[in-house]
Structures are given as C-alpha cells and as structure tokens.
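Residue numbers (numbering that gives the first Met the number 0): 0 to 180.
Note that CB positions come from ideal geometry on N, CA and C, so glycine has one too.
Since we're looking at a predicted model, the values are computed, not measured.
Following: one structure in structure tokens, then a few remarks.
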Amino acid sequence: MFENIREDWQTYDREWTRQGLWVMIVYRFGNWRYRIRNRALRRPFSFAYKMLKLLMEILTGIELPCETKLGRRFRIDHFGGIVISGDAVFGDDCVIRNGVTVGLRHTGQRGAPIIGNRADIGAGAKVLGSIRIGDDVAIGANAVVISDVPSNSIAVGVPAKIRPRKAQEILVEATRSESSN
C-alpha cells in the first residue's frame, strides 16, 4: 500500500492539495484492507474505508470503488462528476478528467470497459459497456464510446467515431509523459 501511495504522490507532482491524490489514497487503503484475512480484524478497517470513501465522494465528486483495477500512475487530472464502475479495468499511465463516466451500459447488465495503457480520456466522456479500449488511445471531450477502440486511435463524437492516430501525436504525448515523470 505505501509503495503505491508513494508512486501516486509522485504522479500528482508531490502536491497534497490535489483531490485526485486524496481519492487514490482512500482507494489504496480500500484495497489493502482486503489483505487482512481475519474477518473480525478486517471489519473496523472496512467501516473506516466506507466512511472515507463517502467523505471523498462528497468532497471531490469522484466515485472510485476499491474493486476497480487500476494500473500504475493512474491520474485524475480534474475532479468532479467522475463515476467509475467497480468492474472497470485500467492499464498503466491512464489520465481521466472531470465529468467522465466509465461503467455499465445498461442497468443490471454486468460488463464494464477494459482500458489499455496510456489512455487519455477527455472531460465529460462516457465509456460504457463491455468494451475494450486499446493502448495509446485518446478519447475526446464529451465522446460517448460504446464499441471497441483499437490501439493508436482517437475516439470523438456522439456516438464516438474511431480515427487512426498519427504516429507524430503519439510521440509528442509520450515525450510529454516522460518529462512529467
């Protein structure tokens, strides 16, 4: 848990005022409590997690259950109105912004998105259903993605149209992410 929090601290530029960092710390705590085998010992930690999660939802507007699978260096760039399903899976170096929803397409149907490495999800985007988002994908602001997106693509519009991403765009973005780390 502490190694992950240390990496999150660096991902958020060592700035404790970032709400995304607060949410990540509660997320890491929620995952850690599952490692306590004895149910009686785990119970107070589960209660503390539920209270902290509720507090984070109220303060930040970010719903990130500890059941969600996150890769390394997951970053929430802007807070507010973010809902992520507990069934969702994210790869490494993903970035999401305010108003993003990643989750189920229909109520009562299981199946949330699996998102690859280095995905960049714009403000207000909706990524819904049992779909796969490849590596190095950019999802535009307010896009509604309801079908698979191959690697090295851009998804824009409602419903999202998939376009190939130029090699130069990927290189520029990779250079940016290396300079920030």
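Exposed or buried, residue i, counting other C-beta atoms within 10 Å across all chains shown (16 or more means buried)?
i, result
"R27", "buried"
"P127", "Here the sequence assigns Leu to residue 127, which means Pro is not the residue at that position. Looking at its Cβ environment, which holds 16 or more other Cβ atoms inside 10 Å, L127 is buried."
"M55", "buried"
"R42", "exposed"
"V157", "exposed"
Taking the alpha-carbon of residue i as reference, which of the options has the nearest alpha-carbon?
i, options, result
"S150", "P158, R34 and I138", "I138"
"N3", "G70, V136 and L54", "G70"
"I130", "A118, N141, D147 and A124", "D147"
"T106", "N97, S84 and N116", "S84"
"H77", "G60, K68 and P64", "G60"
In whole angstroms, what is the alpha-carbon distance linking residue i and residue j?
i, j, result
"G102", "D7", "23 Å"
"D91", "P112", "15 Å"
"A122", "V99", "6 Å"
"W21", "R32", "17 Å"
"F73", "I120", "12 Å"
"M0", "R36", "16 Å"
"E66", "A87", "8 Å"
Between which residues of its own chain and residue i is the CB-CB distance below 6 Å, once the five residues before and five after are set aside?
i, result
"M23", "D7"
"A118", "C93, I132 and V136"
"T10", "R72 and R74"
Runs of alpha helix (DSSP H) lying entirely within the segment 18 to 69, each at least 4 residues, in chain order: Listed in chain order, they are 18 to 32 and 38 to 59.
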